[in-house]
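Line order of the protein sequences matches chains F and D. End of the first sequence = 245 in this note's numbering, gap-free, step of one. End of the second sequence = 343 in this note's numbering, gap-free, step of one.
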Amino acid sequence: MTTIGRRNDTKPARKLPWIVEFYRSDVAKKWTMAVSGIILLGYIAAHMVGNLKVYLGPESINEYGHALRDLGGHLVPEEHLLWIMRIGLAFAFAIHVHAAYALTRRNLAARGKVRYDAPREYLVANYASRTMRYSGIIVLLFIVFHVSDLTIGTANPEHVSGDIYSNMVASFERVPVAVAYIVANIALGFHIFHGVWSLFQSIGANNETYNKWRRYLAWGFTAVIIGGNLSFPIAVQLGVIS
Amino acid sequence: MDLTLKVWRQDGPGKPGEFKEYEAKGISSEASFLEMLDTVNERLVEAGDVPIEFDHDCREGICGMCGVMINGHPHGDQKGTATCQLHMRKFNDGDRIVIEPWRATGLPVVRDLIVDRSPLDRIIEAGGYISVNTGGAPDANLIPIPKPAAEASMDAAACIGCAACIAACPNSAGQLFTSAKLAHLNLLPQGQPERYKRTAAMVEKMEEFFGSCTNHGECEEACPKSISIDNIALMNRDYMMAKLKDRRKFGQR
Chain F
4 MTTIGRRNDT KPARKLPWIV EFYRSDVAKK WTMAVSGIIL LGYIAAHMVG NLKVYLGPES
64 INEYGHALRD LGGHLVPEEH LLWIMRIGLA FAFAIHVHAA YALTRRNLAA RGKVRYDAPR
124 EYLVANYASR TMRYSGIIVL LFIVFHVSDL TIGTANPEHV SGDIYSNMVA SFERVPVAVA
184 YIVANIALGF HIFHGVWSLF QSIGANNETY NKWRRYLAWG FTAVIIGGNL SFPIAVQLGV
244 IS
Chain D
91 MDLTLKVWRQ DGPGKPGEFK EYEAKGISSE ASFLEMLDTV NERLVEAGDV PIEFDHDCRE
151 GICGMCGVMI NGHPHGDQKG TATCQLHMRK FNDGDRIVIE PWRATGLPVV RDLIVDRSPL
211 DRIIEAGGYI SVNTGGAPDA NLIPIPKPAA EASMDAAACI GCAACIAACP NSAGQLFTSA
271 KLAHLNLLPQ GQPERYKRTA AMVEKMEEFF GSCTNHGECE EACPKSISID NIALMNRDYM
331 MAKLKDRRKF GQR
């Protein structure tokens with residue numbers, strides 16, 4: 004028998020905290036990916052809806068940005084709640100990437116070096132499901148640029164902290180940036196199309212009554228999010244927002 | 091019908107293997123795929139060659155012994171059947187057929203088209219049973235089971251352990267097999283006492299050999315018994331429960 008190494012030979016002598024012990028399992032890593040995925044999906048939904056305020060004019064979106072910094076009002080010091088959310092989001096993102104990396108390595112080991120000679124005609128595995136790791140990497144790289152471009156401002160010489168409207172216009176006026184944004188969002192679309200459906204399976208939410216709606220939800224969610232996101236660079240390029 | 095076969099030949103475990111081409115002339119379209127291989131083997135023996143080794147037993151689709159990759163499809167391009175139930179009438183005269191063993195690290199080739207499926211036995215040993223005390227045979231229908239639950243359990247129990255799911259999976263995951271073996275017990279009252287112990291043990295044993303599920307659904311399509319990936323969702327749910335549930339309070343809802 005050929006094992007791909009786990010448990011038997013690597014079992015620690017000391018009992019680990021249950022969450023660590025749990026995370027060692029692949030099924031648990033898929034749970035982790037699903038739960039962190041839900042958090043990330045929630046974030047991109049809020050992010051897209053919030054950004055729609057750009058169509059209401061500079062005051063509206065800049066006010067929205069200020070409100071985010073001022074979350075909690077007079078109850079907490081400025082930006083504290085925002086930072087808690089950012090750290091939570093970064094943690095969800097990091098664990099999502101780590102679980103994906105660990106699972107990919109194990110899956111490649113399980114697949115082995117010898118592949119089938121005849122070309123595999125996949126019957127139900129679709130383009131989105133088979134390219135998760137690539138669309139994920141594209142999104143990951145894009146986010147690094149996206150944060151340095153629009154949040155920190157290092158990738159945009161015209162960046163003015165707090166002036167979201169003009170930062171967005173200045174960023175998307177550069178054609179390569181607009182193109183990169185569109186490409187990354189299409190990759191994100193493929194990623195969340197499989198992710199939204201897949202997470203139900205990973206957490207065991209499977210019920211004949213609503214199973215077919217999982218696909219509809221994946222289509223709908225992807226269409227709305229990616230449609231909204233793609234409208235921003237296109238609107239700037241067409242001069243709708245300037 | 092005349093066919094050209096491209097078959098994987100390998101002398102033994104860990105030995106280098108290679109594809110060899112064979113002419114299979116005058117094959118009856120009434121022959122099953124395995125009978126076609128028998129005919130080719132008879133001719134190989136007559137010619138003094140070593141016959142192509144392949145697993146087979148019942149030849150009626152219920153034992154799970156046979157199973158090869160035919161033109162990139164596990165058990166061939168016919169839904170819901172094992173290799174033995176595939177007939178040559180599904181092929182055309184002059185076809186070139188690529189025949190390969192299952193490929194996965196956990197299923198190493200023993201010889202030619204035979205793979206070592208003993209990891210599946212290890213998974214069953216880990217918990218795929220119900221412990222019973224000896225005694226008189228209980229009356230039938232002593233434990234009432236809702237009809238839909240009995241049906242779902244039977245559907246999962248249809249798994250014949252051929253490993254086509256693992257062969258079809260781009261990650262060589264054993265999820266469909268393991269989840270079917272879990273579901274047919276976990277869905278019945280008799281399976282409850284050991285439910286979570288069984289789930290944790292079988293999942294963790296599975297992960298010693300096979301990859302993880304990325305929800306492609308290829309296994310369901312490849313399965314000669316059309317086992318549903320709904321079972322995988324049930325397994326994922328039960329695994330979480332196995333880790334979270336206080337088993338002393340098993341009866342607590």
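Even glycine gets a Cβ: it sits at the ideal position worked out from N, Cα and C.
Beta-carbon proximity of residue i to residue j, cut-off 9 Å
i	j	result
Ala113 of chain F	Ala194 of chain D	yes
Val172 of chain F	Ile244 of chain F	yes
Val130 of chain D	Leu176 of chain D	no
Asn182 of chain D	Met91 of chain D	yes
Pro279 of chain D	Ser221 of chain D	no
Leu92 of chain F	Tyr26 of chain F	no
Asn2 of chain F	Tyr168 of chain F	Lying outside 4 to 245, the shown extent of chain F, residue 2 of chain F is not represented and no answer is given.
Lys335 of chain D	Tyr286 of chain D	yes
Met244 of chain D	Lys271 of chain D	no
Pro314 of chain D	Cys259 of chain D	no
Lys249 of chain F	Ala105 of chain F	This structure gives no information on residue 249 of chain F, because the portion of chain F shown stretches from 4 to 245.
Ile187 of chain D	Ile160 of chain D	yes
Asn214 of chain F	Arg327 of chain D	no
Leu126 of chain F	Glu120 of chain D	no
Ala95 of chain F	Leu43 of chain F	yes
His312 of chain D	Ala240 of chain D	At residue 312 of chain D the sequence reads Ala, which differs from the His that was named. No; because the gap between Cβ atoms is not below 9 Å, this pair is not in contact.
Gln265 of chain D	Phe300 of chain D	yes
Ser234 of chain F	Leu191 of chain F	no
Thr35 of chain F	Ile98 of chain F	yes
Thr6 of chain F	Gly196 of chain D	yes
Ile163 of chain F	Gly156 of chain F	A small fix is needed here, since residue 163 of chain F is Val in this sequence, not Ile. Going by C-beta atoms, Val163 of chain F is nearer than 9 Å to Gly156 of chain F.
Thr134 of chain F	Phe193 of chain F	yes
Ala242 of chain D	Leu277 of chain D	yes
Asn261 of chain D	Asn110 of chain F	yes
Leu134 of chain D	Tyr219 of chain D	no
Arg212 of chain D	Glu136 of chain D	no
Distance cut-off 8 Å: residue i Cβ against heavy atoms of the ligand NAD
i	result
Val227 of chain F	As for the ligand NAD, it is missing from this structure, which has no ligand bound.
Proximity winner among the options, relative to residue i (alpha-carbon distances)
i	options	result
Ile250 of chain D	D:Ser269, D:Pro234 and D:Leu334	D:Ser269
Tyr112 of chain D	D:Pro103, D:Leu93, D:Ala246 and D:Leu277	D:Leu93
Phe267 of chain D	D:Arg343, D:Pro234 and D:Ala323	D:Ala323
Gly207 of chain F	D:Lys110, D:Ser243 and D:Tyr329	D:Tyr329
Arg149 of chain D	D:Glu297, D:Thr289, D:Cys174 and D:Pro164	D:Cys174
Val239 of chain F	F:Ile41, F:Thr212, F:Ile185 and F:Phe145	F:Ile185
Val199 of chain F	F:Ala37, F:Val52, F:Ala190 and F:Arg177	F:Ala37
Gly53 of chain F	F:Arg217, F:Glu124 and F:Ala70	F:Ala70
Trp98 of chain D	D:Leu134, D:Gly226, D:Pro191 and D:His165	D:Pro191
Gly184 of chain D	D:Glu108, D:Ala248, D:Ala114 and D:Arg288	D:Ala114
Leu85 of chain F	F:Val100, F:Asn129 and F:Gly68	F:Gly68
Met296 of chain D	D:Gly107, D:Met178, D:Ser208 and D:Ser318	D:Ser208
Pro164 of chain D	D:Ala137, D:Thr289 and D:Ile256	D:Ile256
Ile319 of chain D	D:Ala332, D:Cys303, D:Ser262 and D:Met331	D:Cys303
Pro122 of chain F	D:Gly162, D:Leu134 and D:Gly107	D:Gly162
Arg136 of chain F	F:Ser174, F:His149 and F:Ala102	F:Ala102
Lys110 of chain D	F:Val180, F:Phe175, F:Asp120 and F:Arg17	F:Asp120
Pro106 of chain D	F:Ser39, F:His83, F:Lys56 and F:Val117	F:Val117
Interface residues of chain A facing residue i [CB-CB closer than 8 Å]
i	result
Glu311 of chain D	Structure shown: chain A not included; protein chains present are F and D.
Assigned exposure category for residue i - 16 Cβ within 10 Å defines buried
i	result
Glu62 of chain F	exposed
Glu294 of chain D	buried
His306 of chain D	buried
Met325 of chain D	buried
Ile87 of chain F	exposed
Asp152 of chain F	buried
Asn223 of chain D	exposed
His1 of chain F	No statement about residue 1 of chain F is possible, as the shown extent of chain F runs from 4 to 245 and does not include it.
Gly230 of chain F	exposed
Tyr29 of chain F	First, the amino acid is wrong: residue 29 of chain F is Asp here, not Tyr. Looking at its Cβ environment, which holds 16 or more other Cβ atoms inside 10 Å, Asp29 of chain F is buried.
Pro198 of chain D	buried
Thr289 of chain D	buried
Lys333 of chain D	buried
Gly165 of chain F	exposed
Val150 of chain F	exposed
Identity of the residues DSSP links to residue i by a beta bridge
i	result
Phe109 of chain D	D:Trp98
Ala221 of chain F	The partner list for Ala221 of chain F (beta bridge, DSSP) is empty, contrary to what the question assumes.
Leu347 of chain D	There is simply no residue 347 of chain D to check, as chain D begins at 91 and stops at 343 in what is shown.
His163 of chain D	D:Ile160
Glu190 of chain D	D:Met159
Arg201 of chain D	D:Ile204
Gly301 of chain D	D:Ala263
His177 of chain D	D:Ser122
Counting pairs of beta carbons, one from the stretch 162 to 179 of chain D and one from the stretch 220 to 231 of chain F, are three or more of them closer than 8 Å?
With a cut-off of 8 Å, the stretch 220 to 231 of chain F and the stretch 162 to 179 of chain D do not count as touching, because too few Cβ pairs lie within range.
Is it true that the stretch 197 to 207 of chain D meets the stretch 136 to 145 of chain D, where meeting means three or more beta-carbon pairs spaced less than 8 Å apart?
The stretch 197 to 207 of chain D, when compared against the stretch 136 to 145 of chain D, does touch it at the 8 Å Cβ threshold.
Kindly confirm or deny that the stretch 100 to 108 of chain D and the stretch 150 to 165 of chain D touch, where touching means at least three C-beta pairs closer than 8 Å.
Taking a cut-off of 8 Å for Cβ pairs, the stretch 100 to 108 of chain D and the stretch 150 to 165 of chain D do not touch, as fewer than three such pairs fall below it.
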